[in-house]
Amino acid sequence: MTKIEDNMDFYNFIQYGQVSTEHEHKKRVLEAQDIMTREVTSLKEDDSIDLFEELAKLERIRHVPVVNSNNKVVGLLTHRDFFNILTKRSQAGTEIKISDIMKKEVKTISKEESLVEVAKIMYKNNYGCLPITENNVLVGIITANDFLKYFSQKDLFLNREE
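The numbers in the numbering used here rise by one with no breaks, and the one at position 19 of the sequence shown is 20.
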């Protein structure tokens, strides 16, 4: 297998799943569905942030889509949102609902979105994740960790000392 030596090799890897040269036949473009997490933990708008805190600790997750009764994404809650509300929660003394702190405008993508496009969207907008929907229903999530996990399973990077 050819190893990643420069930016173009890295781009080809993200796009095709392997390092390729222009002379090789075109390979299938890698899509979000190739690396996404399919079993997604989600919350409802009227859930308490205490539930998010519990899930974050137990499942070691930092991004949780918020869905309605039809499993349609209506928001997103991240660990940053949670940390920002901690002081308000202790001052308020009342239960805070997910809907009070979730991001309501959420960019979603289809599972057929190319990994190159996913990476561009995440980088450009400083997103840690993108929920994946099919017919407006949550079917997965892709995180920066999913990219790292995928790359770490490959022996890709050229060792300059070889």
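Just so you know, even glycine gets a beta-carbon here, dropped at the ideal spot from N, CA and C. All of these numbers come straight from a predicted model, not from anything done at the bench.
Residue i and residue j closer than 8 Å at C-beta
i, j, result
"Ser43", "Val65", "yes"
"Gly129", "Thr38", "no"
"Ala33", "Lys121", "no"
"Asn72", "Val138", "yes"
Own chain, CB closer than 8 Å to residue i, minus 5 neighbours either side, in chain order
i, result
"Ser49", "Glu96, Ile97, Lys98, Ile99"
"Asp147", "Ile36, Met37, Thr38"
"Phe83", "Ile50, Phe53, Glu54, Ala57, Ile102"
"Glu60", "Thr42"
Own chain residues within Cβ distance below 6 Å of residue i, not counting five before or after
i, result
"Lys105", "Gly76"
"Thr109", "Val74, Pro132, Thr134"
"Met123", "none"
Distance between residue j and residue i (C-alpha atoms, nearest Å)
i, j, result
"Val1", "Leu87", "Within the shown structure, residues of the chain are numbered from 2 to 163, placing residue 1 beyond reach of any answer."
"Lys150", "Thr144", "10 Å"
"His26", "Asp35", "Legend: pLDDT at His26 = 42, less than 50; position of this residue unreliable, no value from coordinates given."
"Lys125", "Ser70", "31 Å"
"Glu40", "Glu46", "19 Å"
"Val67", "Arg81", "15 Å"
"Phe152", "Asn136", "29 Å"
"Gln154", "Val107", "30 Å"
"Ser115", "Asn127", "18 Å"
Range covered by the beta strand (DSSP E) that runs through residue i
i, result
"Met135", "This sequence places Glu at residue 135; Met is not what is there. Run containing Glu135: 130-135, per the beta strand (DSSP E) assignment."
"Val65", "64-68"
"Ile143", "138-144"
"Val74", "74-79"
Range covered by the alpha helix (DSSP H) that runs through residue i
i, result
"Ile50", "50-60"
"Glu118", "116-126"
"Asp101", "99-102"
Contact set for residue i: own chain, Cβ-Cβ below 7 Å, skip 5 residues either direction
i, result
"Val119", "Ala33, Ile110, Leu131, Ile143"
"Thr79", "Arg63, His64, Gly129"
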